[in-house]
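Visitor: Just so you know, the protein sequences line up as chains R and B, in that order.
Just so you know, the working numbering puts 431 at position 433 of the first sequence, and the rest follows in order with no gaps.
Heads up, the working numbering is the position in the second sequence plus 3, with the first residue counted as 1.
Here you go, one structure.
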Amino acid sequence: MADYSWPEADRRAQIGARPARLDGPVKSTGFAKYPSDQNPRGLLAAKILTCPHAHARIVRIDTSAAEAMAGVRVVHVIQGEGSEIQWAGDEVAAVAAVTEDVARDALRAIRVEYEVLPHFVTEEDRDQAPGAREAGERAEGDPDAAFATAHRTVQRTLGMPQMAHMCLEPHGQVCSWAGDELEVHASTQAVSTLAGQFATELGVPASQVRIRTEYMGGGFGSKFSPDRWGIVGAELARKANAPVKLFLERDQEVTVAGSRPSAFARIRAAADEQGKLVAWDSDSWGSGGLPGTGQTPLPYVFSRLPNRRTRHTSVPTNLAGSRAWRAPNHPQACFLTMAVLDDLADELGLDPIDFLERNLDLTGRPDTYREQLATAAEMASWKERWQPRGREREGAVQRGLGVSVHTWGGRGHSSNCDVTVHPDGAVEARIGSQDIGTGTRTIVAQVLAETFGLELHQVRVSLGDNVYPQSGPSGGSSTVGGVTASTRRAAQDALREVLVHVAPRLEAEPEQLVAEGGRVFVDGDSSRGMSWREAAAQIGGAPISVQGRNPGPGRLISSGVGGVQIAEVEVDIDTGVVHVERMIAVQDCGLIINRRLAESQVYGGLIMGVGYALYEEWIPDPVSGRLLNADMEFYKLAGLVDVGSLEVHMMTGPGYDERGVIGLGEPPVISPGAAISNAVANAIGVRVPYLPLTPDRVLDALAGRGGPA
Amino acid sequence: MKGRRVTDDAKRSGFSRRSFLRGGAAGALSGGLATGLLTGEAGAAAADADATETVGPGPVEIELEVNGVASRLAVEPRVTLLDGLRDRLDVTGPKRVCDRGTCGACTVLEDGRPIYACSRLMIESAGRSITTVEGLGSPDAMHDVQQAFVDHDAQQCGYCTPGFVVATAALLARHPAPSEPEIEAGLGGNFCRCGTYKGIRAVVAGGKGGGVTGG
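Pasting the structure below:
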């Protein structure tokens, strides 16, 4: 069987290098055409009318006035009379018209009468929740006995609210029909799986649905399906016999197009005199809107903690269902766990890094964490700068340091890639994947160039179209492993075929030949060789085309990473304002294809983390059931000046590279909430129990009103 | 506070908010309201007729220059500069994200000055020169700031990038070595979701932004 592997470190030209992303120039000049930028001839604009009530029944709907308006082409009722609406923002009707403004006019002319029903949107108040579902209790060891004999115990009630994905390009698509063939320019993370979903809903064969996503403006786990607005857009286009653009307005985007579930928990944790964790008891709950939410994995990372009991309650609310938000469940589990461990370390009088180190045997990767903790501590000058809580500096501004650890899987998804070598030496890959901003296009090109010994500009990558071989959705940090493995297998097979043709000319066996530096030559004797172009010409008149798959043979990918982050904050105890001065991230992800893009992923995770640690939350109004901040003024993202100094250290080289490629999108966004919360506790001497760390919550904690401890 | 005021209003006018909505749904009330509003506006407009030129609500012919090209088109007064650029002129570099002057993804230069295109009516830009991100450079001939965005990987999904590039170019044209308050003033009105601020900081620190005239 053929061997599939990555080149040895001293023979890598592309892998591990830092080339700039290939689509950088088209993006930075505005020449990149996103799905929302498509303006085909005859385009109509569509808008969706949503329900203003969190729970209601549609009594009557009258679209006649809208239908009669000039410029209105189609009015489509999505949920008719008698339908029960379960969240504010749910779709009721849609209009396609000659312009967006006319479509909006038409929405205003649709009359809907609702019977308003009772709603519930405040899940932190679990006891008031109708329909709360207990998931049952899990226990191991004897937690009651362990707590009874423990040296120190802390108990906390902590939580973090639902928050939005807030993709800058809203969810949506442009649909065009040619007969019964549908083309969709979709802002999606799932080019290869979308067609089947459209086809089922629309009653056409999947083979007649084309999905195209050359570029897309952010997904973060919220763009895996056509969604109702996708199907409605296609229906409108079919009825109007014209292309239809339907992208959500910003308030809709925030309200219905993606949120991360909330997580609350009452937690007890205990340690013995040596600072070893001996007992854990958590009672958690949370909501992901109407579906509730699954169990948060507690205790996080330190999952081998003996004597533990966990309970979970899923709380449905009258809010749109949550979606996979970057590293589903992990940021919540991380915050809940690391905050309690940090408080326990303080109770024990231990430096939190020391405390974590004493308990690394309770994790799945003690050696990795030990190395990462040491590296991060050195980068932060932790030993010199860390001080126990309660040592106030003069003045209002207090400084603190906090630490957190996290984990993720990141195994490559299923992927197929066609690699073609043309007789003129041109090399190309076609893959039904998508570049959601992570750099997928660039890393596939690097693998191609590496394998054939070429420069990046000599290879071509085509993706973002479901006519190319199926490749998985981009989620869960699974893309980099999937696409690099399928591409490498195809490229190695294609090269081997080329070498069979070349070998006789060089009077060598194919296995003796290598392709490096734009040449094919006998390994160890570069004088016995020829240029790549000349080598490709040996294959004859027809190109060589090979498909590579993942999973497949050879050790190209792996899974399971660790990470450590340290935050340094300043807290003004007069105003409650927190500023992140510095974030340090130490992260492993196996073999790194592109150092620059890998670092960008980690920087991005840290920055998004500052956002949800300090600013971001859905604020539902208990009275109306609507979000009070379905916009970008009051749903606050971190800005350029809100983010302090960021330092990233990637663990690479021997011990890491041999593991193969592992995904990186999720891990760096997991720890910031915990690390920043711990740094604030270190600065002000008390735990602020809820994220985000807004000034009111900080001041409440300082005043002893931080909620039940 | 707000809730109480609604209750008081409801008492005064003799109908509840829900019956108001039901009335609207039946169509009886809304027609009357709309007529009243229009009458009022028309009256006010008539009173000001001597002082102010009134245009619309139908399409208005305007001329403006976009990326060096003169454009003549008829737009309704309510069309924003952003929507006019994107939907009428197919200039799609500026992006519509918040659509209300918060996120900066629609930033363009008007006569060299950075503005939010979502918060300006296209007719207000009549006779002016608009430069979008496409007007600063092209993939084969990038502006220094665009090149720096590539070099420093100051973009991921790239949807905020056009606005950031224009805002950064404008900032560096005015302040080649901007101070922290100048950076805050120049780029504090742009948001990125993927988290590319580290790269954008590096672009600003590089300071290669001279020569932006907006023409």
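C-beta: ideal position from N, C-alpha, C; glycine also.
With a threshold of 7 Å between beta-carbons, can isoleucine 591 of chain R be considered close to chain B, or not?
Guide: No - not a single Cβ of chain B is within 7 Å of the one on isoleucine 591 of chain R.
Visitor: Tell whether a beta-carbon distance below 7 Å holds between alanine 108 of chain B and cysteine 163 of chain B.
Guide: Contact flag set, yes.
Visitor: Which residues bound the beta strand (DSSP E) around methionine 145 of chain B?
Guide: Looking at the DSSP string, methionine 145 of chain B is not in any beta strand (DSSP E), and its letter there is neither H nor E.
Visitor: Keeping to the same chain, check which residues put their C-beta closer than 7 Å to that of leucine 371 of chain R; ignore five residues upstream and five downstream.
Guide: So the qualifying residues of the chain are Ile351, Leu354, Glu355, Val562.
Visitor: Of the residues R/Glu568, R/Arg593, R/Tyr112, which one's Cα is nearest the Cα of valine 646 of chain R?
Guide: Comparing Cα-Cα distances from valine 646 of chain R to each of R/Glu568, R/Arg593, R/Tyr112, the minimum goes to R/Arg593.
Visitor: If you run the structure through DSSP and keep just helix, strand and coil, what is valine 110 of chain R?
Guide: Three-state DSSP puts valine 110 of chain R in a strand.
Visitor: Give the list of continuous beta strand (DSSP E) stretches no shorter than 3 residues that lie fully inside the region 247 to 282 of chain R.
Guide: Listed in chain order, they are 261 to 269.
Visitor: Could you say which of R/Val24, R/Pro502, R/Ile591, R/Asp521 lies nearest to methionine 145 of chain B if we only look at CA atoms?
Guide: Answer by Cα proximity: R/Val24.
Visitor: Answer with yes or no whether the minimum CB distance from valine 100 of chain B to chain R is below 7 Å.
Guide: Taking Cβ atoms only, chain R reaches closer than 7 Å to valine 100 of chain B, which makes this a yes.
Visitor: Helix or strand or just coil, what does DSSP make of phenylalanine 245 of chain R?
Guide: Strand.
Visitor: Which one or two residues does DSSP pair with serine 122 of chain B in a beta bridge?
Guide: Serine 122 of chain B pairs with nothing; no bridge assigned.
Visitor: Where do the N-terminal and C-terminal ends of the beta strand (DSSP E) with valine 69 of chain B fall, by residue?
Guide: Unbroken beta strand (DSSP E) run through valine 69 of chain B: 63 to 69.
Visitor: If you check the beta carbons only, do isoleucine 126 of chain B and valine 69 of chain B fall under 7 Å apart?
Guide: Not closer than 7 Å, so no.
Visitor: Could you give the first and the last residue of the continuous beta strand (DSSP E) run that contains isoleucine 582 of chain R?
Guide: Its beta strand (DSSP E) spans residues 576 to 586.
Visitor: Which residues in chain R have a C-beta closer than 7 Å to the C-beta of serine 141 of chain B? List them in chain order.
Guide: Going along chain R in sequence order, the residues near serine 141 of chain B (Cβ under 7 Å) are Thr27, Phe29.
Visitor: So who's on the other strand from lysine 45 of chain R, going by DSSP bridges?
Guide: Paired residues: R/Val93.
Visitor: Would you mind working out which of B/Lys201, B/Leu124, B/Thr110 sits nearest leucine 139 of chain B, comparing C-alpha positions?
Guide: Among B/Lys201, B/Leu124, B/Thr110, the Cα nearest to that of leucine 139 of chain B is on B/Thr110.
Visitor: With a threshold of 7 Å between beta carbons, is isoleucine 605 of chain R in contact with chain B?
Guide: Closer than 7 Å: yes.
Visitor: Around the C-beta of lysine 381 of chain R, are 16 or more other C-beta atoms found within 10 angstroms, so that it is buried, or is it exposed?
Guide: With fewer than 16 other Cβ atoms within 10 Å, it is exposed.
Visitor: Could you run through the region 631 to 648 of chain R and flag, in chain order, every residue whose CB is less than 7 Å away from some CB of chain B?
Guide: Those residues of the region 631 to 648 of chain R that come within reach of chain B (Cβ to Cβ, closer than 7 Å) are Glu631, Leu635, Gly637, Leu638, Val639, Val641, Leu644.
Visitor: Pull up the distance between the alpha-carbon of glutamate 226 of chain B and that of glycine 115 of chain B, whole angstroms please.
Guide: No information on residue 226 of chain B is available, as it lies outside the stretch 4 to 218 that chain B covers here.
Visitor: DSSP three-state call for proline 17 of chain R: helix, strand or coil?
Guide: Proline 17 of chain R: coil per DSSP, three-state reduction.
Visitor: Quick check for students: name the residue ranges of the beta strand (DSSP E) that lie wholly in the region 577 to 653 of chain R, counting only runs of 3 or more.
Guide: Runs found: 643 to 649.
Visitor: Using a Cβ distance threshold of 8 Å, determine whether the region 624 to 633 of chain R contacts the region 461 to 475 of chain R, with at least three qualifying pairs required.
Guide: The region 624 to 633 of chain R is not in contact with the region 461 to 475 of chain R.
Visitor: Apart from the five residues on each side of it in sequence, which residues of its chain come closer than 8 Å, Cβ to Cβ, to threonine 294 of chain R?
Guide: Here the set comprises Ala261, Ala263, Ser282, Gly284, His310, Asn327, Gln330, Ala331, Leu334.
Visitor: Would you call the CB atoms of aspartate 586 of chain R and methionine 649 of chain R closer than 7 Å?
Guide: Contact: yes.
Visitor: Under DSSP, the beta strand (DSSP E) around alanine 513 of chain R begins and ends at which residues?
Guide: Element bounds for alanine 513 of chain R: 511 to 514.
Visitor: Is it buried or exposed for glutamate 271 of chain R, if we count other Cβ within 10 angstroms and need 16 for buried?
Guide: Result: exposed.
Visitor: Can you list, in chain order, the residues of its chain with a C-beta nearer than 6 Å to that of tyrosine 298 of chain R? Leave out the 5 residues immediately preceding and following it.
Guide: Closer than 6 Å at the Cβ level, and outside the excluded window around tyrosine 298 of chain R, lie Ala331, Cys332, Thr335.
Visitor: Quick check: is the beta carbon of arginine 16 of chain R nearer than 7 Å to any beta carbon in chain B?
Guide: No, no contact with chain B.
Visitor: Per the DSSP calculation, tryptophan 175 of chain R is bridged to which residue(s)?
Guide: Per DSSP, R/Leu180.
Visitor: Hey, is proline 706 of chain R's beta-carbon within less than 7 Å of any beta-carbon in chain B?
Guide: Here the model assigns proline 706 of chain R a pLDDT of 44, short of 50, so the residue's position is not dependable, and the following value carries that caveat. No, proline 706 of chain R does not count as interfacial toward chain B.
Visitor: Are three or more beta carbon pairs between the region 162 to 178 of chain R and the region 212 to 230 of chain R nearer than 8 Å?
Guide: Taking 8 Å as the limit for Cβ pairs, the verdict is that the region 212 to 230 of chain R does touch the region 162 to 178 of chain R.
Visitor: Just confirm the distance between the C-beta atoms of valine 659 of chain R and isoleucine 564 of chain R, as a whole number of angstroms; I'd bet it's less than 8 Å.
Guide: Between isoleucine 564 of chain R and valine 659 of chain R the Cβ distance is about 27 Å, and since that is not below 8 Å, they are no contact.
Visitor: What's the C-alpha gap between alanine 672 of chain R and valine 313 of chain R?
Guide: About 23 Å.
Visitor: Find the residues of chain B that neighbour arginine 19 of chain R, judging by a C-beta separation of less than 7 Å, and give them in chain order.
Guide: Residues of chain B passing the Cβ test: Asp156.
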